[in-house]
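The structure under discussion appears below in the form of C-alpha coordinates.
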Amino acid sequence: MDNDGHRQRAPKANVRAKFDLAVEVIVCNLVALALSKEGHHRSLAIIRANHASSTSPVYGKPFNRVVTLMDEAGLVTVTVGYRRSAAARASSSVTATPAMKVPAVSDWSALSLEDHERLVVLHTDGRSPPSPPGLEHDVMAINTGLCMASVEMSDVVAHVASRSSTIIDWLVTPLHRQLHRTFNDDFESGGRLYGGWWQTLPRELRKHIRINSEAVVNVDFATMHLRLAYAAAGKRVPRGDLYDLTGTDQERLDWPRLREGRKQLVSVMFMSKSSLRQWPGGTLREREDIRSCFPKGAKVKHEIAAIRERHEAIAGRGDGTTGWFECGRGLRLQRIESDILVAVLLKLNALGITALPIHDAVLVARSHGKTAQRIMEAEARRVTGARIPAKIGEV
(Lines of atoms letter the chains of each structure in order from A and count residues from 1; the text may use other names and numbers.)
(Lines give C-alpha, C1' and ligand atoms only; values in the text may rest on other atoms or scores of the structure.)
Protein backbone atom coordinates (compact mmCIF):
# COMPACT_ATOMS: atom_id res chain seq x y z
CA MET A 1 0.00 0.00 0.00
CA ASP A 2 1.11 3.60 -0.61
CA ASN A 3 0.36 6.50 1.74
CA ASP A 4 -3.13 6.90 0.27
CA GLY A 5 -4.07 3.27 0.86
CA HIS A 6 -3.76 2.19 -2.77
CA ARG A 7 -2.25 -1.18 -3.56
CA GLN A 8 1.12 -0.96 -5.25
CA ARG A 9 2.36 -3.55 -7.71
CA ALA A 10 5.42 -5.44 -6.43
CA PRO A 11 8.54 -4.46 -8.36
CA LYS A 12 9.95 -6.93 -10.83
CA ALA A 13 12.86 -9.01 -9.60
CA ASN A 14 15.42 -7.29 -11.85
CA VAL A 15 14.20 -3.84 -10.79
CA ARG A 16 14.38 -4.83 -7.12
CA ALA A 17 17.89 -6.19 -7.64
CA LYS A 18 18.99 -2.90 -9.23
CA PHE A 19 17.36 -0.96 -6.38
CA ASP A 20 19.22 -3.04 -3.76
CA LEU A 21 22.47 -2.68 -5.71
CA ALA A 22 22.05 1.10 -5.84
CA VAL A 23 21.64 1.25 -2.04
CA GLU A 24 24.75 -0.90 -1.58
CA VAL A 25 26.82 1.13 -4.03
CA ILE A 26 25.88 4.48 -2.50
CA VAL A 27 26.57 3.35 1.06
CA CYS A 28 29.86 1.65 0.13
CA ASN A 29 31.04 4.74 -1.74
CA LEU A 30 30.20 6.96 1.22
CA VAL A 31 32.16 4.56 3.44
CA ALA A 32 35.06 4.75 0.98
CA LEU A 33 34.95 8.54 1.09
CA ALA A 34 35.05 8.41 4.88
CA LEU A 35 38.10 6.13 4.74
CA SER A 36 39.94 8.40 2.33
CA LYS A 37 41.56 11.70 3.11
CA GLU A 38 39.14 13.22 0.60
CA GLY A 39 36.11 12.22 2.65
CA HIS A 40 36.00 15.23 4.92
CA HIS A 41 35.33 17.76 2.19
CA ARG A 42 34.04 15.92 -0.88
CA SER A 43 30.59 14.77 -1.91
CA LEU A 44 29.78 11.67 -3.96
CA ALA A 45 29.32 12.64 -7.61
CA ILE A 46 26.47 10.91 -9.44
CA ILE A 47 24.84 10.97 -12.86
CA ARG A 48 21.05 11.12 -13.01
CA ALA A 49 20.57 11.81 -16.72
CA ASN A 50 18.91 9.38 -19.12
CA HIS A 51 22.26 8.36 -20.61
CA ALA A 52 23.70 7.43 -17.20
CA SER A 53 23.08 3.68 -17.55
CA SER A 54 25.49 3.62 -20.50
CA THR A 55 28.21 4.87 -18.16
CA SER A 56 27.52 2.25 -15.47
CA PRO A 57 24.75 -0.37 -15.11
CA VAL A 58 24.26 0.87 -11.53
CA TYR A 59 22.67 4.05 -12.86
CA GLY A 60 19.12 4.34 -14.13
CA LYS A 61 15.60 4.74 -12.72
CA PRO A 62 16.13 2.47 -9.66
CA PHE A 63 19.25 4.42 -8.73
CA ASN A 64 17.45 7.74 -9.08
CA ARG A 65 14.60 6.41 -6.96
CA VAL A 66 17.04 5.43 -4.20
CA VAL A 67 18.61 8.89 -4.23
CA THR A 68 15.17 10.52 -4.02
CA LEU A 69 14.07 8.34 -1.12
CA MET A 70 17.33 8.89 0.79
CA ASP A 71 16.97 12.63 0.25
CA GLU A 72 13.35 12.62 1.47
CA ALA A 73 14.37 10.59 4.53
CA GLY A 74 17.06 13.15 5.39
CA LEU A 75 19.89 10.66 4.96
CA VAL A 76 21.66 12.60 2.21
CA THR A 77 21.69 16.07 0.78
CA VAL A 78 21.38 16.20 -2.99
CA THR A 79 23.07 18.95 -5.00
CA VAL A 80 21.71 19.22 -8.54
CA GLY A 81 24.26 19.59 -11.32
CA TYR A 82 24.47 22.63 -13.53
CA ARG A 83 26.25 23.76 -16.67
CA ARG A 84 29.23 26.02 -16.02
CA SER A 85 29.83 26.75 -19.69
CA ALA A 86 29.29 25.24 -23.12
CA ALA A 87 32.16 22.83 -22.48
CA ALA A 88 31.98 22.24 -18.72
CA ARG A 89 29.32 20.95 -16.39
CA ALA A 90 29.22 20.38 -12.64
CA SER A 91 27.76 16.97 -11.86
CA SER A 92 25.04 16.24 -9.35
CA SER A 93 26.23 14.93 -5.99
CA VAL A 94 25.05 13.51 -2.68
CA THR A 95 26.47 14.23 0.75
CA ALA A 96 25.76 12.12 3.82
CA THR A 97 23.95 13.90 6.66
CA PRO A 98 24.55 13.12 10.36
CA ALA A 99 21.37 11.02 10.21
CA MET A 100 22.99 8.72 7.66
CA LYS A 101 25.39 7.27 10.23
CA VAL A 102 27.86 5.96 7.65
CA PRO A 103 29.24 2.64 8.98
CA ALA A 104 32.60 3.16 10.66
CA VAL A 105 35.25 0.78 9.36
CA SER A 106 38.95 0.73 10.12
CA ASP A 107 40.42 -0.25 6.74
CA TRP A 108 39.68 -1.26 3.17
CA SER A 109 39.30 -4.95 4.04
CA ALA A 110 35.72 -4.16 5.06
CA LEU A 111 34.91 -3.35 1.43
CA SER A 112 35.25 -5.36 -1.76
CA LEU A 113 34.85 -4.89 -5.50
CA GLU A 114 33.22 -7.33 -7.88
CA ASP A 115 35.32 -8.49 -10.81
CA HIS A 116 35.01 -6.28 -13.87
CA GLU A 117 31.99 -7.56 -15.77
CA ARG A 118 33.92 -7.46 -19.04
CA LEU A 119 37.61 -8.25 -19.31
CA VAL A 120 37.71 -7.08 -22.94
CA VAL A 121 35.85 -3.90 -23.91
CA LEU A 122 35.25 -2.76 -27.49
CA HIS A 123 34.11 0.81 -28.09
CA THR A 124 32.33 0.95 -31.43
CA ASP A 125 29.32 2.68 -33.01
CA GLY A 126 28.22 -0.50 -34.72
CA ARG A 127 27.83 -4.20 -33.90
CA SER A 128 30.18 -5.55 -31.26
CA PRO A 129 31.65 -8.87 -32.40
CA PRO A 130 32.91 -11.41 -29.86
CA SER A 131 36.50 -10.90 -28.75
CA PRO A 132 39.19 -13.07 -30.39
CA PRO A 133 40.12 -16.26 -28.51
CA GLY A 134 42.64 -15.90 -25.71
CA LEU A 135 42.19 -12.18 -24.94
CA GLU A 136 39.94 -12.68 -21.91
CA HIS A 137 41.97 -15.65 -20.68
CA ASP A 138 45.16 -13.56 -20.66
CA VAL A 139 43.55 -10.69 -18.75
CA MET A 140 42.04 -13.12 -16.26
CA ALA A 141 45.47 -14.66 -15.61
CA ILE A 142 46.99 -11.21 -15.06
CA ASN A 143 44.17 -10.22 -12.68
CA THR A 144 44.57 -13.41 -10.69
CA GLY A 145 48.20 -12.55 -10.02
CA LEU A 146 47.37 -8.95 -9.09
CA CYS A 147 44.64 -9.95 -6.64
CA MET A 148 47.05 -12.28 -4.81
CA ALA A 149 49.93 -9.77 -4.79
CA SER A 150 51.14 -7.78 -1.81
CA VAL A 151 50.78 -4.21 -3.11
CA GLU A 152 50.39 -1.34 -0.67
CA MET A 153 50.58 2.42 -0.42
CA SER A 154 52.30 4.23 2.41
CA ASP A 155 50.66 7.43 3.64
CA VAL A 156 48.16 7.75 0.75
CA VAL A 157 45.20 5.35 0.76
CA ALA A 158 42.99 6.69 -2.04
CA HIS A 159 42.81 9.41 -4.65
CA VAL A 160 40.28 11.13 -6.85
CA ALA A 161 40.69 10.85 -10.62
CA SER A 162 38.86 12.21 -13.65
CA ARG A 163 37.34 9.71 -16.03
CA SER A 164 37.82 11.06 -19.56
CA SER A 165 34.63 9.47 -20.91
CA THR A 166 32.32 11.10 -18.32
CA ILE A 167 31.77 14.44 -16.67
CA ILE A 168 32.45 13.17 -13.15
CA ASP A 169 35.41 12.45 -10.92
CA TRP A 170 35.66 9.09 -9.21
CA LEU A 171 37.24 7.78 -6.05
CA VAL A 172 40.03 5.30 -6.73
CA THR A 173 40.89 2.94 -3.89
CA PRO A 174 43.45 0.14 -3.37
CA LEU A 175 40.64 -2.26 -4.25
CA HIS A 176 40.75 -1.26 -7.91
CA ARG A 177 43.06 -4.03 -9.16
CA GLN A 178 40.92 -5.69 -11.83
CA LEU A 179 42.20 -4.78 -15.30
CA HIS A 180 40.43 -4.88 -18.63
CA ARG A 181 41.62 -4.33 -22.19
CA THR A 182 39.90 -1.56 -24.12
CA PHE A 183 39.78 -1.58 -27.92
CA ASN A 184 38.49 1.13 -30.25
CA ASP A 185 36.44 0.53 -33.44
CA ASP A 186 37.84 -2.99 -33.93
CA PHE A 187 40.12 -5.50 -32.24
CA GLU A 188 43.15 -4.29 -34.19
CA SER A 189 42.99 -0.85 -32.60
CA GLY A 190 43.92 -0.04 -29.02
CA GLY A 191 43.91 -2.83 -26.46
CA ARG A 192 45.58 -1.05 -23.55
CA LEU A 193 44.99 -2.28 -20.01
CA TYR A 194 42.91 -0.04 -17.73
CA GLY A 195 41.36 -0.27 -14.27
CA GLY A 196 44.35 -0.39 -11.92
CA TRP A 197 44.40 2.16 -9.09
CA TRP A 198 48.09 2.94 -9.70
CA GLN A 199 47.38 4.09 -13.29
CA THR A 200 45.45 7.21 -12.27
CA LEU A 201 47.58 7.87 -9.22
CA PRO A 202 49.33 11.26 -9.55
CA ARG A 203 52.89 10.69 -10.72
CA GLU A 204 54.42 12.29 -7.65
CA LEU A 205 52.61 9.80 -5.39
CA ARG A 206 53.83 6.62 -7.09
CA LYS A 207 56.96 6.68 -4.94
CA HIS A 208 54.71 5.58 -2.05
CA ILE A 209 53.84 2.25 -3.72
CA ARG A 210 55.34 -0.86 -2.15
CA ILE A 211 55.38 -4.36 -3.63
CA ASN A 212 56.19 -7.00 -1.03
CA SER A 213 57.18 -4.07 1.22
CA GLU A 214 59.82 -3.00 -1.33
CA ALA A 215 60.06 0.33 -3.16
CA VAL A 216 59.30 0.21 -6.89
CA VAL A 217 61.06 1.30 -10.06
CA ASN A 218 59.57 2.25 -13.41
CA VAL A 219 60.69 0.16 -16.40
CA ASP A 220 59.49 1.62 -19.69
CA PHE A 221 60.17 1.44 -23.39
CA ALA A 222 62.06 4.32 -24.98
CA THR A 223 60.24 6.24 -27.77
CA MET A 224 58.09 3.17 -28.27
CA HIS A 225 55.54 4.28 -30.85
CA LEU A 226 58.17 5.79 -33.12
CA ARG A 227 60.16 2.55 -32.93
CA LEU A 228 57.03 0.46 -33.52
CA ALA A 229 56.26 2.50 -36.62
CA TYR A 230 59.78 1.98 -37.97
CA ALA A 231 59.49 -1.75 -37.26
CA ALA A 232 56.10 -1.97 -39.00
CA ALA A 233 57.50 -0.10 -42.01
CA GLY A 234 60.62 -2.28 -42.10
CA LYS A 235 62.84 0.79 -41.84
CA ARG A 236 66.03 1.37 -39.87
CA VAL A 237 65.64 3.56 -36.80
CA PRO A 238 67.82 6.72 -36.94
CA ARG A 239 70.66 7.06 -34.46
CA GLY A 240 70.43 9.23 -31.39
CA ASP A 241 67.46 10.62 -29.51
CA LEU A 242 64.47 10.40 -31.87
CA TYR A 243 63.10 13.71 -30.58
CA ASP A 244 66.37 15.54 -31.31
CA LEU A 245 65.68 16.94 -34.78
CA THR A 246 69.05 18.60 -35.45
CA GLY A 247 71.53 16.41 -33.61
CA THR A 248 72.41 19.28 -31.27
CA ASP A 249 69.04 19.98 -29.63
CA GLN A 250 70.18 18.17 -26.50
CA GLU A 251 72.68 20.97 -25.86
CA ARG A 252 69.86 23.51 -25.47
CA LEU A 253 69.06 24.80 -21.99
CA ASP A 254 65.35 24.21 -22.63
CA TRP A 255 65.88 20.68 -23.96
CA PRO A 256 63.86 18.75 -21.31
CA ARG A 257 60.83 20.97 -21.89
CA LEU A 258 61.25 20.98 -25.67
CA ARG A 259 61.62 17.20 -25.76
CA GLU A 260 58.40 16.76 -23.77
CA GLY A 261 56.57 19.04 -26.21
CA ARG A 262 57.82 17.10 -29.21
CA LYS A 263 56.88 13.83 -27.53
CA GLN A 264 53.31 15.06 -27.05
CA LEU A 265 53.13 16.44 -30.58
CA VAL A 266 54.37 13.19 -32.14
CA SER A 267 51.76 11.27 -30.13
CA VAL A 268 49.00 13.49 -31.53
CA MET A 269 50.41 13.16 -35.05
CA PHE A 270 50.09 9.40 -34.77
CA MET A 271 46.45 9.69 -33.66
CA SER A 272 45.23 12.55 -35.84
CA LYS A 273 43.25 11.68 -38.97
CA SER A 274 44.12 14.91 -40.76
CA SER A 275 46.82 17.57 -40.90
CA LEU A 276 47.09 19.65 -37.73
CA ARG A 277 46.32 23.34 -38.23
CA GLN A 278 46.77 24.47 -34.63
CA TRP A 279 48.40 23.36 -31.40
CA PRO A 280 46.56 20.22 -30.22
CA GLY A 281 44.38 20.07 -27.13
CA GLY A 282 40.74 19.89 -26.17
CA THR A 283 40.78 23.22 -24.33
CA LEU A 284 42.60 26.55 -24.60
CA ARG A 285 44.59 25.63 -21.48
CA GLU A 286 45.73 22.30 -22.98
CA ARG A 287 46.76 23.99 -26.24
CA GLU A 288 48.71 26.62 -24.34
CA ASP A 289 50.44 23.96 -22.22
CA ILE A 290 51.88 22.18 -25.26
CA ARG A 291 52.68 25.42 -27.11
CA SER A 292 54.65 26.64 -24.09
CA CYS A 293 57.04 23.69 -24.47
CA PHE A 294 58.38 25.24 -27.68
CA PRO A 295 60.37 28.45 -28.20
CA LYS A 296 58.42 31.70 -28.20
CA GLY A 297 56.86 32.37 -31.60
CA ALA A 298 57.09 28.74 -32.76
CA LYS A 299 54.43 27.69 -35.28
CA VAL A 300 52.86 24.25 -35.14
CA LYS A 301 53.19 23.77 -38.91
CA HIS A 302 56.95 24.40 -38.73
CA GLU A 303 57.38 21.98 -35.83
CA ILE A 304 55.41 19.30 -37.65
CA ALA A 305 57.43 19.84 -40.81
CA ALA A 306 60.67 19.40 -38.83
CA ILE A 307 59.40 16.16 -37.26
CA ARG A 308 58.33 14.88 -40.66
CA GLU A 309 61.75 15.65 -42.11
CA ARG A 310 63.55 13.86 -39.28
CA HIS A 311 61.28 10.80 -39.66
CA GLU A 312 60.72 10.90 -43.40
CA ALA A 313 60.93 7.11 -43.63
CA ILE A 314 57.64 6.67 -41.75
CA ALA A 315 55.97 10.08 -42.20
CA GLY A 316 54.06 9.51 -45.42
CA ARG A 317 52.92 12.18 -47.85
CA GLY A 318 50.88 14.18 -45.37
CA ASP A 319 47.60 13.59 -47.21
CA GLY A 320 46.37 10.86 -44.86
CA THR A 321 46.86 8.04 -47.36
CA THR A 322 50.29 6.68 -46.51
CA GLY A 323 52.78 6.55 -43.68
CA TRP A 324 52.03 6.88 -39.97
CA PHE A 325 51.64 10.59 -39.29
CA GLU A 326 48.26 12.37 -39.40
CA CYS A 327 46.39 9.44 -40.89
CA GLY A 328 44.67 8.05 -37.81
CA ARG A 329 46.72 4.86 -37.46
CA GLY A 330 48.03 5.44 -33.97
CA LEU A 331 45.60 2.97 -32.41
CA ARG A 332 47.18 0.23 -34.55
CA LEU A 333 50.46 0.92 -32.80
CA GLN A 334 48.65 0.77 -29.45
CA ARG A 335 47.48 -2.75 -30.32
CA ILE A 336 51.08 -3.87 -30.88
CA GLU A 337 52.21 -2.07 -27.72
CA SER A 338 49.47 -3.66 -25.63
CA ASP A 339 50.19 -7.14 -27.01
CA ILE A 340 53.81 -6.74 -25.92
CA LEU A 341 52.81 -5.55 -22.43
CA VAL A 342 50.34 -8.42 -21.94
CA ALA A 343 53.05 -10.91 -22.93
CA VAL A 344 55.48 -9.23 -20.51
CA LEU A 345 52.98 -9.41 -17.64
CA LEU A 346 52.29 -13.10 -18.28
CA LYS A 347 56.03 -13.86 -18.33
CA LEU A 348 56.62 -11.96 -15.07
CA ASN A 349 53.56 -13.67 -13.53
CA ALA A 350 55.06 -17.05 -14.34
CA LEU A 351 58.20 -16.02 -12.45
CA GLY A 352 56.19 -14.87 -9.44
CA ILE A 353 57.06 -11.22 -10.09
CA THR A 354 54.30 -8.66 -9.53
CA ALA A 355 54.18 -5.94 -12.19
CA LEU A 356 51.78 -2.99 -12.35
CA PRO A 357 51.26 -1.93 -16.00
CA ILE A 358 51.00 1.68 -17.17
CA HIS A 359 50.60 1.53 -20.96
CA ASP A 360 54.18 1.02 -22.25
CA ALA A 361 55.74 0.61 -18.80
CA VAL A 362 55.57 -1.49 -15.65
CA LEU A 363 56.19 -0.77 -11.99
CA VAL A 364 58.07 -3.59 -10.25
CA ALA A 365 59.92 -4.05 -6.99
CA ARG A 366 63.40 -2.55 -7.27
CA SER A 367 65.07 -5.97 -6.96
CA HIS A 368 63.22 -7.16 -10.10
CA GLY A 369 63.99 -4.13 -12.30
CA LYS A 370 66.66 -5.81 -14.44
CA THR A 371 64.57 -8.95 -14.90
CA ALA A 372 61.62 -6.86 -16.10
CA GLN A 373 63.90 -4.90 -18.45
CA ARG A 374 65.30 -8.10 -19.98
CA ILE A 375 61.85 -9.64 -20.50
CA MET A 376 60.41 -6.44 -21.97
CA GLU A 377 63.17 -6.15 -24.56
CA ALA A 378 62.93 -9.87 -25.40
CA GLU A 379 59.14 -9.75 -25.89
CA ALA A 380 59.35 -6.58 -27.98
CA ARG A 381 61.85 -8.27 -30.29
CA ARG A 382 59.72 -11.42 -30.48
CA VAL A 383 56.59 -9.48 -31.44
CA THR A 384 58.14 -6.89 -33.79
CA GLY A 385 61.44 -8.40 -34.88
CA ALA A 386 63.12 -5.14 -33.87
CA ARG A 387 65.10 -3.95 -30.87
CA ILE A 388 63.12 -1.62 -28.64
CA PRO A 389 65.19 -0.66 -25.58
CA ALA A 390 63.66 -0.48 -22.12
CA LYS A 391 65.12 1.63 -19.35
CA ILE A 392 64.91 1.47 -15.57
CA GLY A 393 64.06 4.71 -13.83
CA GLU A 394 62.88 6.10 -10.54
CA VAL A 395 59.16 6.66 -10.12
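In the working numbering, each residue carries its 1-based index in the sequence shown increased by 1136.
C-beta: ideal position from N, C-alpha, C; glycine also.
Asked	Found
Limits of the unbroken beta strand (DSSP E) element including residue 1345	1345-1347
Cα-Cα separation, residue 1327 to residue 1471	5 Å
Length of the line joining the Cα atoms of residue 1246 and residue 1413	52 Å
Residue 1317 and residue 1275 closer than 9 Å at C-beta	yes
Secondary structure of residue 1385, DSSP reduced to three states	helix
Sheet register partners of residue 1483 (DSSP bridge)	DSSP lists no partner for residue 1483.
Presumed contact (8 Å Cβ cut-off) between residue 1342 and residue 1333, rounded CB distance	With a Cβ gap of about 11 Å, residue 1342 and residue 1333 do not count as contacting.
Beta-carbon proximity list for residue 1257, same chain, < 8 Å, skipping 5 on both sides	1316, 1317, 1318 and 1319
Residue 1460 versus residue 1494: straight-line alpha-carbon distance, rounded	23 Å
Short Cβ contact (9 Å threshold) for residue 1364 with residue 1402	no
Inter-stretch contact (C-beta, 8 Å, three-pair minimum) for the segment 1348-1360 and the segment 1306-1314	no
Where residue 1350 sits in the DSSP three-state scheme	strand
First through last residue of the alpha helix (DSSP H) which encompasses residue 1172	No alpha helix (DSSP H) contains residue 1172, which DSSP labels as neither H nor E.
Beta-carbon separation (whole angstroms), residue 1212 vs residue 1158, contact threshold 8 Å	At roughly 12 Å, the Cβ-Cβ gap does not stay under 8 Å, so residue 1212 and residue 1158 are not in contact.
Pairwise C-alpha distance: residue 1501 and residue 1238	37 Å
Collapsed DSSP secondary structure at residue 1137 in the structure displayed	Any reading at residue 1137 must be qualified, since the residue scores a pLDDT of 46, below 50, and its modelled position is unreliable; the value itself is stated next. Reduced to three states, the DSSP call for residue 1137 is coil.
Which listed residue (1516, 1410 and 1193) has its alpha carbon closest to that of residue 1607	Residue 1607 is absent from the model: the chain starts at 1137 and stops at 1531.
Touch test, the segment 1426-1437 against the segment 1471-1483, Cβ-Cβ under 8 Å, three pairs minimum	no
Whole-angstrom distance between residue 1404 and residue 1378, CA atom to CA atom	16 Å
Selected residue, minimal CA-CA separation from residue 1232, among 1195, 1168, 1150 and 1193	1168
Residue 1469 vs residue 1406 beta-carbon contact at 9 Å	yes
Backbone CA spacing between residue 1464 and residue 1473 [nearest angstrom]	16 Å
Span of the alpha helix (DSSP H) around residue 1462	Where residue 1462 is concerned, there is no enclosing alpha helix (DSSP H), given that its DSSP letter is neither H nor E.
Per DSSP, cross-strand counterpart(s) of residue 1320	1259
Residues of its chain near residue 1229, where Cβ-Cβ distance is below 7 Å and the 5 sequence neighbours each way are ignored	1179, 1180, 1181, 1182 and 1215
Buried/exposed call for residue 1390, threshold 16 Cβ in 10 Å	exposed
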